[in-house]
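For what it's worth, my numbering labels the leading residue of the sequence shown as 3, then goes sequentially.
From the three backbone atoms N, C-alpha and C, an ideal C-beta is built for every residue, glycine too.
Here's the structure, in structure tokens; my notes come after.
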Amino acid sequence: LAAVFTNFVLGSLAVLIVGLIARELFGPRVSERSMVLMCLFPGSFVLSFAYTEALLITLAGGCMWFLLKRQWLLAGILAAIGTATRPNGIALIAACAAAAFFAIRERREWKALIAPLLAPIGFLGFQFWLGHHTGERGVWFRVQTEAWGEGTSFGLTAIRRTYKAVIHPLTSPTNTITAVSVLALGMLLYFLWKHRLPALFNAYIAVIVLLMLLPSTVTARPRFVYTAFPLLIAAAVWFERSERHEREWWPYVVGACSAGLVGLTALYGVYGAIP
3 LAAVFTNFVL
13 GSLAVLIVGL
23 IARELFGPRV
33 SERSMVLMCL
43 FPGSFVLSFA
53 YTEALLITLA
63 GGCMWFLLKR
73 QWLLAGILAA
83 IGTATRPNGI
93 ALIAACAAAA
103 FFAIRERREW
113 KALIAPLLAP
123 IGFLGFQFWL
133 GHHTGERGVW
143 FRVQTEAWGE
153 GTSFGLTAIR
163 RTYKAVIHPL
173 TSPTNTITAV
183 SVLALGMLLY
193 FLWKHRLPAL
203 FNAYIAVIVL
213 LMLLPSTVTA
223 RPRFVYTAFP
233 LLIAAAVWFE
243 RSERHEREWW
253 PYVVGACSAG
263 LVGLTALYGV
273 YGAIP
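Below you can see the structure in the form of structure tokens.
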């Protein structure tokens, strides 16, 4: 109960922070649609799980907000905490590095380096603590390979499972979820290409997507796509600022996301598919 309540609060904060970022960049209408997508995108089911995505998204959103405001110390502190929450939190290092690069190139703002220098501390600190606690340096990486059987496929696992889902539809919940995740990711990347975001968001998205497709076991999942939440802002921009006939798709998108959220939650509950 404590974990679920904590994620309920963090999920609310995550939606609010994404809305604030979208309003800062594109105005209130895009902000509204971004928050709706944050609530209804199928990957948002993870906000009611005892998982760490809610914490990471809240910290990542706060970090990006401070990067936009050039509050380098606060951004670095939130990034450092964020990289300690889960492995793909290291995407915040890339976001901080991208923001610092352009701040130095355009304004010679060398203090921007504070953020990328602080960002890795959380991940490195967790690894150090875990090694000290277990008496084995690098034990986290051994757990991934020996306990989870994890390896690298560079996206081949996602492609193979998507192909199987098309050839043999509805025979494997895992393959179906992977195929839908790959399709959703492709659409969101198209929206990002049509409506570019600042470089720090693109850097964060790139690392999240890379870490999602890299493994050979757990590959594309709705919750991983959801973690790349700036993609939802790009989608909101597309549905708000495109031609009228394209904007009219918005009610159908809301309906599809709602149905997907209910269906995905039921799929996990009934079949016990790995989320």
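Check whether G279 and I23 have beta carbons under 8 Å apart: Nothing can be reported for residue 279, as the shown portion of the chain is limited to 3 through 277.
Buried/exposed call for G2, threshold 16 Cβ in 10 Å: With the chain covering 3 to 277 only, the question about residue 2 has no answer from this structure.
Buried/exposed call for I30, threshold 16 Cβ in 10 Å: Reading off the sequence shown, one finds Pro at residue 30, where the question assumed Ile. Flag for P30 reads exposed.
Three or more C-beta pairs below 8 Å linking the region 116-130 and the region 222-242: no
Proximity of A222 and A160 at Cβ, strictly below 8 Å: yes
Short Cβ contact (8 Å threshold) for A97 with A236: At least 8 Å separates the beta-carbon of A97 from that of A236.
Buried/exposed call for A114, threshold 16 Cβ in 10 Å: Residue environment analysis places A114 among the buried positions, since at least 16 neighbouring C-beta atoms fall within 10 angstroms of its C-beta.
At least 3 beta-carbon pairs within less than 8 Å: the region 42-59 vs the region 8-20: yes
As assigned by DSSP and simplified to three states, the class of P122: coil
Proximity winner among P175, G45 and L76, relative to I116 (alpha-carbon distances): L76
Beta-carbon proximity list for A101, same chain, < 7 Å, skipping 5 on both sides: L69, A114, A117 and L202
Contact check, L263 vs S14, beta carbons under 8 Å: No; because the gap between Cβ atoms is not below 8 Å, this pair is not in contact.
Extent of the continuous alpha helix (DSSP H) to which A86 belongs: It is not in any alpha helix (DSSP H) - A86 carries neither H nor E in the DSSP assignment.
A167 and T178 closer than 8 Å at C-beta: Yes, the pair counts as a contact, with Cβ atoms nearer than the cut-off.
Candidates I169, V141, A4 and C65: closest to S50 by CA position: Check the Cα spacing between S50 and each of I169, V141, A4 and C65: the tightest is with A4.
C-alpha gap between W131 and A121, whole angstroms: 17 Å
Residue(s) in a DSSP beta bridge with T154: P217
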